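Q: Which chain is which? The protein sequence lines are A and B, in order. Going by the working numbering, the first sequence wraps up at 233, each residue one higher than the last. Going by the working numbering, the second sequence wraps up at 233, each residue one higher than the last.
2 protein chains.
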Amino acid sequence: MIAANDFRNAMSLLTSAVNVVTTSGASGDQGLTVSAVCSVSDSPASLLVCINQSSRSHDDFLVNKVLSVNVLASQHETLSNAFASSKFNAEQRFQLGEWTRLQTGSPILKDALVSFDCEIEHIQTMGTHSILICRVVAIHQGQTNAVDQSQEGLVYFNRAYHQIGQVEVI
Amino acid sequence: MIAANDFRNAMSLLTSAVNVVTTSGASGDQGLTVSAVCSVSDSPASLLVCINQSSRSHDDFLVNKVLSVNVLASQHETLSNAFASSKFNAEQRFQLGEWTRLQTGSPILKDALVSFDCEIEHIQTMGTHSILICRVVAIHQGQTNAVDQSQEGLVYFNRAYHQIGQVEVI
Chain A
64 MIAANDFRNA MSLLTSAVNV VTTSGASGDQ GLTVSAVCSV SDSPASLLVC INQSSRSHDD
124 FLVNKVLSVN VLASQHETLS NAFASSKFNA EQRFQLGEWT RLQTGSPILK DALVSFDCEI
184 EHIQTMGTHS ILICRVVAIH QGQTNAVDQS QEGLVYFNRA YHQIGQVEVI
Chain B
64 MIAANDFRNA MSLLTSAVNV VTTSGASGDQ GLTVSAVCSV SDSPASLLVC INQSSRSHDD
124 FLVNKVLSVN VLASQHETLS NAFASSKFNA EQRFQLGEWT RLQTGSPILK DALVSFDCEI
184 EHIQTMGTHS ILICRVVAIH QGQTNAVDQS QEGLVYFNRA YHQIGQVEVI
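The following block contains the structure:
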């Protein structure tokens with residue numbers, strides 16, 4: 064039996080992208096900062112997101128059956144912290160970025176590196192978490208306001224943010 | 064309907080750790096380079112790995128019901144390429160590293176940043192891929208031979224390797 068703390072220490076060495084995962088429905092727009100996002104298949108285009116069942120918006124995702132994964136860029140540390148914190152309400156969090164919508168209605172961050180608009184197709188429970196297996200129905204490539212027209216990815220490694228690479232914005 | 068190529072282009076902007084996922088059983092030691100690894104829950108300690116059903120070792124993982132996830136460090140680019148390539152056989156690939164075993168018998172890379180030894184508990188199919196949901200039964204924190212006793216993580220972003228951070232080796 065692996066202690067939760069030992070597992071979390073070990074997992075801190077698995078670098079991950081930082082994402083804001085949003086949904087929209089009867090309870091309005093909701094969103095969470097999530098690192099546990101993973102590509103699944105390109106046929107059909109699909110990905111998965113792991114969300115703690117005790118997270119404030121967990122049930123909204125299950126009810127709405129839609130979500131969008133917004134892959135954050137290096138300028139989004141403040142946004143990431145706000146969507147991870149309980150100090151803000153949903154309205155305050157969304158005020159920190161500019162948003163649009165694609166097919167499912169879930170908020171899409173305009174200057175994310177890339178956003179995946181998804182329908183939740185299958186939910187698998189494992190311990191404290193739900194694994195949301197999603198079909199991608201639309202993709203939005205972000206636009207930056209930066210003068211150099213390039214963006215870096217925001218990643219989390221060893222319990223700290225890091226910036227990585229540079230991607231040309233089309 | 065999202066074209067496979069559009070999905071792959073978009074997914075190239077989701078930074079991921081680079082991992083060699085191994086298994087051991089009747090057909091010997093096998094391994095693959097996999098970026099689609101994701102933490103699930105700390106209670107019980109669990110993670111998931113997505114593997115293409117057409118991958119050479121896919122069926123070995125399903126038969127053996129065990130695997131180990133070895134999170135690669137910056138010095139492992141050659142190892143990563145070998146486990147991703149069809150130009151080598153299993154024996155040649157494993158000769159490129161030093162290995163040990165923990166509880167399940169799956170090869171553990173001695174100088175990985177960290178390794179998770181796992182039992183496969185549930186398999187979910189999605190399109191071309193199998194999602195292997197695993198319980199972690201042992202953890203190995205890597206040891207480096209580097210003089211400075213520190214390691215960087217190996218990550219993949221925008222179709223290229225990058226190095227990230229530094230972690231003190233205990």
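From the three backbone atoms N, C-alpha and C, an ideal C-beta is built for every residue, glycine too. Model, not experiment: these values are computed from the prediction.
Please decide whether THR191/B counts as near chain A, where near means a Cβ-Cβ distance under 8 Å.
A: So, interface residue.
Q: Give a yes or no on whether 8 Å exceeds the smallest Cβ distance from ALA209/A to chain B.
A: Summary for ALA209/A: the model assigns pLDDT 48, below 50, so the residue's position carries little reliability, and this model does not support an answer.
Q: What beta strand (DSSP E) runs, 3 residues minimum, are completely inside the stretch 112-145 of chain B?
A: The stretch 112-145 of chain B contains these whole beta strand (DSSP E) runs: 129-134.
Q: When DSSP builds the beta bridges, which residues end up paired with SER170/A?
A: Reading off the sequence, residue 170/A comes out as Pro, not Ser. For PRO170/A, which the question treats as bridged, DSSP gives the partners ARG164/A.
Q: By how many angstroms is the C-alpha of ASP174/A removed from the C-alpha of ALA209/B?
A: A caution first: ALA209/B carries a pLDDT of 48, below 50, which makes its placement in the model too unreliable to give a value.
Q: Any C-beta of chain A sitting closer than 8 Å to the C-beta of VAL84/B?
A: It does not; no Cβ of chain A falls within 8 Å.
Q: Give a yes or no on whether the C-beta atoms belonging to ASP180/B and SER109/B are separated by under 8 Å.
A: Not closer than 8 Å, so no.
Q: With a Cβ-Cβ cutoff of 8 Å, do LEU111/A and ILE194/B count as a contact?
A: Result yes, Cβ atoms of LEU111/A and ILE194/B sit closer than 8 Å.
Q: What does ILE202/A pair with, by DSSP beta-bridge criteria?
A: Per DSSP, PHE179/A.
Q: Just reading off the beta strand (DSSP E) that PHE70/A is part of, what are its end residues?
A: Taken as a continuous stretch (DSSP letters only), PHE70/A belongs to no beta strand (DSSP E), being part of the alpha helix (DSSP H) at 67-74.
Q: Just the Cα atoms here: how many angstroms apart are SER117/B and SER169/B?
A: Cα to Cα, SER117/B sits roughly 21 Å from SER169/B.
Q: Is there a Cβ of chain B sitting closer than 8 Å to that of VAL97/A, yes or no?
A: Chain B, which has no Cβ nearer than 8 Å to the Cβ of VAL97/A, makes this no.
Q: Going by DSSP, which residues form a beta bridge with ALA223/A?
A: PHE220/A.
Q: Hey, does ARG119/B have any beta-carbon neighbour from chain A nearer than 8 Å?
A: So, not an interface residue.
Q: Going straight from the alpha carbon of ILE202/B to that of THR163/A, what length do you get?
A: Near 42 Å, if we compare the C-alpha coordinates of THR163/A and ILE202/B.
Q: Flag this pair as yes or no: are the beta carbons of GLY160/A and LEU176/A separated by less than 8 Å?
A: Contact flag unset, no.
Q: Using 8 Å as the limit for Cβ to Cβ distance, is ALA80/B near chain A?
A: Cβ-Cβ to chain A under 8 Å: yes for ALA80/B.
Q: Do VAL83/B and VAL218/B have their C-beta atoms within less than 8 Å of each other?
A: Cβ distance not < 8 Å, so VAL83/B and VAL218/B don't count as in contact.
Q: Thinking ASP105/A and PHE70/B are a contact (beta carbons under 8 Å), I'd like their distance in whole angstroms, please.
A: Indeed they touch by this definition, with Cβ atoms about 5 Å apart.
Q: Measuring CB to CB, does ILE196/A end up less than 8 Å from VAL129/A?
A: No, these two residues do not count as a Cβ contact at 8 Å.
Q: Going by beta carbon distance, what residues of the same chain come within less than 6 Å of ILE114/A, once the five residues before and after it are set aside?
A: The residues are HIS121 and SER193.
Q: Under three-state DSSP, which class holds GLN158/A?
A: Coil, per DSSP.
Q: Check the Cβ-Cβ distances between SER90/A and every residue of chain B, and say whether any is below 8 Å.
A: Not one chain B Cβ lies under 8 Å of SER90/A.
Q: Hey, LEU95/B and ILE186/B are a contact pair by Cβ (cut 8 Å); roughly how many whole angstroms apart?
A: Not really, about 16 Å apart at Cβ, beyond 8 Å.
Q: Which whole-angstrom value describes the C-beta separation of GLN166/B and ASP123/B, a residue pair presumed to lie in contact below a C-beta threshold of 8 Å?
A: Not a contact, Cβ separation roughly 18 Å.
Q: Taking Cβ to Cβ, would you say ALA136/B is nearer than 8 Å to GLY228/B?
A: Result no, Cβ atoms of ALA136/B and GLY228/B do not sit closer than 8 Å.
Q: So is GLY91/A buried or exposed if we call it buried at 16+ other beta carbons inside 10 Å?
A: That one is exposed.
Q: What does SER104/A reach in chain B if we use C-beta pairs closer than 7 Å?
A: Within 7 Å Cβ-Cβ: MET189, GLY190, THR191 and HIS192.
Q: Do we get a CB-CB distance below 8 Å when we pair GLN204/B with the residues of chain A?
A: Cβ-Cβ to chain A under 8 Å: yes for GLN204/B.
Q: Could you please give the first and the last residue of the uninterrupted beta strand (DSSP E) stretch that includes SER87/B?
A: Counting along the chain, the beta strand (DSSP E) containing SER87/B begins and ends at 82-88.
Q: Go ahead and label MET74/A buried or exposed: buried means 16 or more other beta carbons lie within 10 angstroms of its beta carbon, across all protein chains shown.
A: It is buried - the Cβ of MET74/A has at least 16 other Cβ atoms within 10 Å.
Q: Report the rounded CA-to-CA distance for LEU214/A versus VAL100/A, giving the unit in angstroms.
A: Inspection of the sequence shows that residue 214/A is occupied by Gln rather than by Leu. So the two alpha carbons sit approximately 20 Å from each other.
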